[in-house]
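Start counting the sequence shown at 39; every next residue gets the next number (this note's numbering). Think of the CB as a built atom: it goes at the ideal place given N, C-alpha and C, for glycine as much as any other residue.
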Amino acid sequence: MTGRRRSSPRPFSRTSAVGSVVACTAVIGSLLWGCGSLPGASGSSGEMDPVTVMTWAPEGTRATNMPGMPAMAQAYARWVNSQGGIKGHRLRVLTCNERNDSVSAAQCAQRAVDRGAVAVVGSYSQFGRSFMSPLEVKGVPFIGGYGASVEEFESPLSYPVNGGQASLLAGNGRQLARDCRRVALVRPDTIQGDQMPSLLNSGLESGSREPAKDIKAPDDATDYSSTVHRALDGVGADPAVYGTAKAGGRADGSCVTASLGDHTDTFFDSFRRLQEDSPKVRVASVLGSVGQSLVNRTGGRSGPLEGADITGWYPAAGDSRWEPMRKVINDFAFNDNRIDPADQGAQTTWIAYTVLRSLIEQLDDEGVEDITPHALQTALDGGDRAVDTGGLTPKLRWREDDMLAVQDFPRIVNGTVTYQVVREGQLVSGRHGFVNVTKTLERRRPDS
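Put into structure tokens, the structure is as follows:
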């Protein structure tokens, strides 16, 4: 659906009739397919046509779930619509359950196209090959995806706001290289997981460390005891073999980092049970696999994650730069418990919608009245105005000159991460400011 300026009176036309059918279909489809449009955001009044977008994410699955992303998108829409929309355009948000399934991902993308979405914004899916094709056929931009699929960093219609798994793992390797002589990486036995060792190793090698022991694990297990033993053995710290450390002791320079999505908590639960008397190794992970809620569930300051090195894309959740997002959640999420302001999915969605708003404002300033997929793509590809995200990322722009020279990830424009640490049971900043891992990624050997 476009965003044309409405004339008064407005004559009946085939275009307006089709637009009405699309709007109705979006509501009916939400009942049939689990996709929803935001109540009260139809844009039936005012001077400008509404702008329709979609946000999808997996919910209620056995693997990684990101329910906070569509919930954050809906809260954002309520907020901007309470202020009259974006330059007079009311924002209509369609949502879809991606179900961690390639078929469902493709269906979500096709529904976005069929229902007139001008962009897909702030979404999560590992199945980029499935969802990018329908969008590319119709020229619909994919703005600010979570970064869970390779295609998000390859497709010319994708505009990432972070460096995805690549920057997180390279950054985690650099973070661990400071203190760890031996590292084991616990990662899913999947196609996406197969990329992880070379990414982590690029960071370790920048600190003159040896490559990590690669520990493959199922991403939907209910117990990881055998995986914990393999990881500890890989760094020379298996208590069944080497005994327990003295109270407060730790195997010198031994570190285990785990990145298993939603099942990282199950891994650390198994880890805690095997090492609860006296943890011998330093643990680590990346935000998205570990967050404050997991730290709390595993015992806080007395749990296995105390002292853990955590790599993220954005400032720590307690940073004042998140205050605008927290206020919107407090005022417009209506106690929706799907939204955790410390969750990187919700944070990525906030940033993605910040980008969308900036683009619509830019187009309005340039006198463009039709908010179409092509208009957004043109602004993204050639706009001279960088998007200011309020310091949550470096300023973002997606011109060809802004793309980083990272093999396998040519669409990355933001190669920065943040270092965080669990201290006294709280995830806090471990280093001031952003850490740029661009050079680390550019030097990476994909087969390492």
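To the nearest angstrom, how far is the alpha carbon of lysine 254 from that of arginine 225? 5 Å
For glutamate 462, count neighbouring Cβ atoms within 10 angstroms of its own Cβ and tell me buried if that reaches 16, exposed if not. exposed
Tell me the DSSP bridge mates of arginine 461? Gln464
Fully enclosed by the segment 322–351, which alpha helix (DSSP H) runs are 4 residues long or longer? 330–335
For a minimum of 4 consecutive residues, which ranges assigned as the alpha helix (DSSP H) are wholly contained in the segment 201–239? 202–215, 229–232
Taking the continuous beta strand (DSSP E) assigned at aspartate 252, which residues delimit it? 251–255
With H, G and I counted as helix, E and B as strand and the rest as coil, what does DSSP make of tyrosine 505? The chain is shown only over 39 to 486; residue 505 falls outside these bounds and no answer can be derived.
Taking the C-alpha atoms as reference points, what is the distance between arginine 481 and phenylalanine 372? 46 Å
Using a Cβ-Cβ cutoff of less than 6 Å, which residues in the same chain neighbour serine 244 once the five nearest sequence positions on both sides are dropped? Arg212, Thr478
Do valine 321 and leucine 343 have their C-beta atoms closer together than 8 Å? yes
Range covered by the beta strand (DSSP E) that runs through serine 292: 292–296
Just mark valine 273 as buried or exposed, buried being the case when its beta carbon has 16 or more other beta carbons within 10 Å. buried
In terms of residues, what are the limits of the alpha helix (DSSP H) holding leucine 401? 382–403
Check whether the segment 145–157 touches the segment 169–178, taking contact to mean three or more Cβ pairs, one atom from each stretch, closer than 8 Å. yes
In angstroms, rounded to a whole number, what distance separates the CA positions of valine 131 and alanine 111? 7 Å
Any contact between the segment 228–242 and the segment 197–209? By contact I mean 3 or more CB pairs, one from each, below 8 Å. yes
Thinking proline 379 and threonine 456 are a contact (beta carbons under 8 Å), I'd like their distance in whole angstroms, please. Contact doesn't hold; Cβ gap of about 16 Å is too wide.
For glycine 106, collect the residues of the same chain with a Cβ closer than 7 Å to its Cβ; drop the 5 residues on either side in sequence, then sort them by chain order. Arg376, Ile377, Asp378, Asp381, Gly383, Ala384
Short Cβ contact (8 Å threshold) for leucine 223 with aspartate 252: yes
In whole angstroms, give me the CA-to-CA distance for leucine 397 and leucine 442. 22 Å
How should glutamate 404 be labelled, buried or exposed, when 16 other C-beta atoms within 10 angstroms of its C-beta is the threshold for buried? exposed
For proline 484 versus serine 236, is the C-beta distance shorter than 8 Å? yes
Distance, Cα to Cα, lysine 125 vs glutamate 97? 32 Å
Exposed unless 16 or more other CB atoms sit within 10 angstroms - verdict on asparagine 368: exposed
Do methionine 92 and histidine 127 have their C-beta atoms closer together than 8 Å? no
Extent of the continuous beta strand (DSSP E) to which leucine 132 belongs: 129–135
What's the call for aspartate 300, buried or exposed, on a 16-neighbour Cβ count within 10 Å? buried
For methionine 110, three-class secondary structure by DSSP: helix
Which residue marks the beginning of the alpha helix (DSSP H) containing valine 151, and which one marks its end? 140–152
For asparagine 452 versus valine 158, is the C-beta spacing smaller than 8 Å? no
Roughly how many angstroms separate the alpha carbons of threonine 427 and serine 264, rounded to a whole number? 43 Å
Taking 7 Å as the limit between beta carbons, can you name the residues of its chain near serine 323, skipping five residues before and five after? Thr295, Ala296, Ser297, Thr302, Ala346, Ile348
DSSP puts threonine 454 in a beta bridge; with which residues? Asn474
Residues in the same chain with beta-carbon distance under 6 Å from arginine 219, minus the five sequence neighbours each way, listed in chain order, please. Gly291
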